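Protein chains in written order, with this note's numbering: chain A, 263 to 751; chain B, 21 to 251.
Heads up, the beta-carbon is just placed ideally off N, CA and C, and yes, glycines get one too.
All values reported here derive from a predicted model rather than from experimental measurement.
A short write-up of the structure that comes next.
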Amino acid sequence: MFKHFIKLQWKSFFRSSSFGKSVALKIIMAFFGLYMLATLIMTGAGLYFILRKIFPDQSPMWTLSQYFVYWVLIELFLRYFMQKLPVMDIKPLLTTPIKKSAITHFILGKSALSFYNLLGIFFFVPFAVVLLIHDYPTLNVLLWLIGIFAAVLCINYVNFIINKSDKALIAIGTLLVGLYALDYFGIFEVKAFFGPIFHALYAYPIAVLAPITLALLTYYINFKFLRNKIFLDASLKSKTKEATASDLAWTKRFGDMGPFLQLDLKLIWRNKRTKAQVFISLLFVFYGLIFYTQDIYSTWYPMFAFLGIFMTGIFLSNFGQFIPAWDSTYYSMMMAQNIPLRKYLESKATLISVSVVAMFLLTIPYVYFGWEALAINFGSAIYNLGVNIPVILYFGSFNKKRIELDKSPLGNMQGTSATQFLIMLPVLVVPIIIFSIFNYLISLEVAVFVLSIMGIIGFAFKNYFLNRITEQYRKKKYGMIAGFKEKDN
Amino acid sequence: MITVHNLTKKYGSQTVLNIENLEIPKGQSFGLVGNNGAGKTTLFSLLLDLIQPTTGHIINKEIQVNKSEDWKPFTSAFIDESFLIGYLTPEEYFYFIGDLRGRNKADVDSLLATFEDFFHDEILGQKKYLRDLSKGNQKKAGIVASFIGNPEVVVLDEPFANLDPTTQIRLKAIIKELAAKDDVTVLVSSHDLIHVTEVCERIVVLNKGEIVKDIQTSKETLKELETFFGG
């Protein structure tokens, strides 16, 4: 029986859409994956030395054990968002002559091999290897490692149990913050309390039975729960949210552009992926803190220019690069309907302009790190408004990849093609180069002035640019319609 | 109203559509039948300028569709679910289409009121987005949306598929009523020979991209079609 399941799994992996992606994208994704793995392994291996350095009088194993409780809670918290049991995959299996318990075992067993579990392994195995090299007792270390795997599996299965309720998430979040606060204010020594418990996994080899028992228990609970719910109308039904109609009457003020603006706002708000873009963009306001606070960058203005363009233009690039693919599922309707293409594009441009202005306003507090930061962000915002918006709309006409709006936003590469990487060049690199040249040849003020002037010129020619871009979209229309119709690319 | 000239569509070496000449006069209710892959949707897509013809062209009320977009204000269509915007409620979708066709909310509402029977309380006021409606209900919404703004040409691809029997019968009545107006040209494709003979004055049979029959509907038409497809 399991042979069949493994075969299915194999096929679903190698025939999945990510395998059909273009070579360039595959290579980049592979590099990114390797980089992440390498970082994990390096950190895992280096952890021993880091802990030795920070806490010279403690065994690294002891120190690590003290933080384990936080690791468990944080992982549970994050997994709540990232990992879901892929119950939908078993729909086609329901009518086949396979026992439901076998299906349940398959889906639960499969989840043990999930990517998130591998992360932990790639981190702890190198750490254990370093311990062994440093003459820690082999038996203890190996059983400790097994205990860790069991703990990871526990987290894995506990996550599926709690995944059904937001309350559990809030509880975990509160627990996490609460414990940290107790520790921080010295009310209760959380680390000292939990440290020995987790350290016992290493100190007493027999203790490994505890996480293993827990893992089996959580597996069993999941099994019981899921086995009784494998019906189309129970756990396999995709949830539908109640729709909240809104008429956004104020968009009428934008005249012909109103309907499109209204549509775009609904597009962003009612779909997971676009909504995530908004939140991610807002979070990137804090990106500057990483650099402004460091002395090495404090007078290195090209870095400021990068921050300026990046922070004020984050929504511009995140959302803009996939125009018009956001509308791909109904693009043929848009093209057959009585739609002035120009108004459609103008609405997108307006939306992005608003985002640039909003992001600029949010970055104003960075004036704390010197007037240069504010001046450069201002110049960058103007440049984004005048130059980058037409640029990104123009490149949008090369988009031919469909985006399914209701797919999960995390790690979703749908719609990505070489175009997305090409866009980065003119949008991000060109303004920084221009800025740097004037900054080093003349002065910072002139460099900011040049960026602003370029933006203003771009703004002055907005109509001309939009007309040309509309023309371009018209020319590429058939290719776009055909491309957007292809599912799973 | 619609004239097709030497129209061909090829994908590589495969010809999927080859129509030398086809005239559809104003006000006619025109039915297109054929097996899968006969070229029905291809013809409609060409008429809506969604794909490019390999040779030839289509003229819709003196406008060559792949040269100018001026045919759009008086032409409307429902081809498949890619004509729906999934994250809107049906009402919002109707108002959006209304906006595009210069109809305000009140106009749209009064039009929708005439389709109350057809909707059967399953479309309006459901607090559901279009993407969460069943296939049949999605189709109902799409079909009605194509009637907004008094179009002179209405194109419906497989309107009867996925609909329940009651709705099929109501839809037939709606299309007949629409076809009875002298100024509306209705183009319908279908796999269902009975429905199409009932609502269309003229039926064209496509086979492997070519017109093999062009019939003015009469009592014998259904028999004739059944013999053609059966034999």
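8 Å Cβ cutoff met for residue i and residue j
| i | j | result |
| --- | --- | --- |
| V219 (chain B) | K233 (chain B) | no |
| S594 (chain A) | F180 (chain B) | no |
| D668 (chain A) | R151 (chain B) | yes |
| P688 (chain A) | V653 (chain A) | yes |
| T217 (chain B) | L245 (chain B) | yes |
| Q539 (chain A) | N600 (chain A) | no |
| F368 (chain A) | F460 (chain A) | no |
| F135 (chain B) | T187 (chain B) | no |
| V414 (chain A) | G382 (chain A) | yes |
| L647 (chain A) | S615 (chain A) | yes |
| I168 (chain B) | N157 (chain B) | no |
| F456 (chain A) | F330 (chain A) | yes |
| P693 (chain A) | A611 (chain A) | no |
| I99 (chain B) | T62 (chain B) | no |
| D222 (chain B) | F116 (chain B) | The amino acid occupying residue 222 (chain B) in the given sequence is Arg; Asp does not appear at that position. Result no, Cβ atoms of R222 (chain B) and F116 (chain B) do not sit closer than 8 Å. |
| F723 (chain A) | V712 (chain A) | no |
| I576 (chain A) | F546 (chain A) | yes |
| Y149 (chain B) | L213 (chain B) | no |
| F384 (chain A) | L407 (chain A) | no |
| I235 (chain B) | L42 (chain B) | no |
| F572 (chain A) | L690 (chain A) | yes |
Chain B residues whose Cβ lies nearer than 8 Å to that of residue i
| i | result |
| --- | --- |
| L667 (chain A) | G106, Y107 |
| Y592 (chain A) | S102, F103, L104, I105, G106 |
| I743 (chain A) | L70, I71 |
| K528 (chain A) | Y107, L108, E112 |
| R341 (chain A) | Simply none; closest approach about 27 Å. |
Per-residue contacts from residue i into chain C (C-beta, under 8 Å)
| i | result |
| --- | --- |
| D119 (chain B) | Of the chains in the structure shown, none is chain C; the protein chains are A and B. |
Separation of residue j from residue i, as counted between CA atoms
| i | j | result |
| --- | --- | --- |
| M256 (chain A) | G118 (chain B) | The first residue shown for chain A is 263 and the last is 751, placing residue 256 (chain A) beyond what the model contains. |
| F450 (chain A) | T325 (chain A) | 18 Å |
| F622 (chain A) | F640 (chain A) | 7 Å |
| P318 (chain A) | A462 (chain A) | 21 Å |
| G59 (chain B) | K30 (chain B) | 11 Å |
| I626 (chain A) | T555 (chain A) | 15 Å |
| G582 (chain A) | A390 (chain A) | 46 Å |
| N751 (chain A) | R664 (chain A) | Here N751 (chain A) scores only 45 on pLDDT, less than 50, and its place in the model should not be relied on; the value that follows carries that caveat. Their Cα atoms are separated by approximately 7 Å. |
| L313 (chain A) | N650 (chain A) | 46 Å |
| K87 (chain B) | K662 (chain A) | 23 Å |
| L523 (chain A) | S609 (chain A) | 5 Å |
| L335 (chain A) | Y310 (chain A) | 22 Å |
| L68 (chain B) | V85 (chain B) | 7 Å |
| L520 (chain A) | P602 (chain A) | Note that residue 520 (chain A) is Gly in the sequence shown here, rather than Leu. If I take the Cα positions, the gap works out to 12 Å. |
| S363 (chain A) | L478 (chain A) | 16 Å |
| Y113 (chain B) | K749 (chain A) | 23 Å |
| A454 (chain A) | G448 (chain A) | 11 Å |
| G32 (chain B) | I71 (chain B) | 15 Å |
| E240 (chain B) | W531 (chain A) | 55 Å |
| L544 (chain A) | E634 (chain A) | 22 Å |
| L476 (chain A) | I290 (chain A) | 39 Å |
Identity of the residue in the options nearest residue i by Cα
| i | options | result |
| --- | --- | --- |
| I39 (chain B) | B:V225, B:Q146, B:D212 | B:V225 |
| R489 (chain A) | A:R515, A:K353, A:I365 | A:I365 |
| I718 (chain A) | A:Y645, A:K610, A:L394 | A:Y645 |
| I423 (chain A) | A:R535, A:S274, A:F456, A:Q345 | A:Q345 |
| D184 (chain B) | B:E111, B:I105, B:F167, B:K155 | B:K155 |
| M565 (chain A) | A:L706, A:Y398, A:Y310, A:Y332 | A:L706 |
| H396 (chain A) | A:G745, A:A430, A:E337, A:A307 | A:A307 |
| A165 (chain B) | B:L66, B:K228, B:T23, B:E111 | B:E111 |
| S659 (chain A) | A:Y464, A:G409, A:G745, A:Y329 | A:G745 |
| L525 (chain A) | A:Y482, A:L510, A:K749, A:G632 | A:L510 |
| L191 (chain B) | B:T35, B:V208, B:H77 | B:V208 |
| A620 (chain A) | A:Y482, A:I290, A:T574, A:S590 | A:T574 |
| S508 (chain A) | A:R515, A:L527, A:G517, A:D518 | A:L527 |
| W91 (chain B) | B:D212, B:T35, B:I22, B:Y149 | B:I22 |
Residue i: contacting residues in chain A (beta-carbon distance under 7 Å)
| i | result |
| --- | --- |
| L68 (chain B) | A598 |
| Q72 (chain B) | Y740 |
Contacts of residue i in chain A (Cβ-Cβ under 8 Å)
| i | result |
| --- | --- |
| R151 (chain B) | D668 |
| F116 (chain B) | P521, Q524, L525 |
| P93 (chain B) | N600 |
Chain-ordered neighbours of residue i on chain B, where CB pairs are closer than 9 Å
| i | result |
| --- | --- |
| R604 (chain A) | In chain order: nothing, as chain B lies at least about 11 Å away. |
| N533 (chain A) | G106, Y107 |
9 Å Cβ cut-off: residues of chain A touching residue i
| i | result |
| --- | --- |
| I99 (chain B) | S594, M595, A598 |
Original post:
How about the region 461-476 of chain A and the region 354-369 of chain A: do they share at least three Cβ pairs that are nearer than 8 Å?
Top reply: Flag = no, the region 461-476 of chain A and the region 354-369 of chain A do not touch.
Original post:
Should the region 431-443 of chain A be regarded as contacting the region 291-306 of chain A, the criterion being three or more beta carbon pairs within less than 8 Å?
Top reply: Three or more Cβ pairs closer than 8 Å define a contact, and the region 431-443 of chain A falls short of that threshold against the region 291-306 of chain A.
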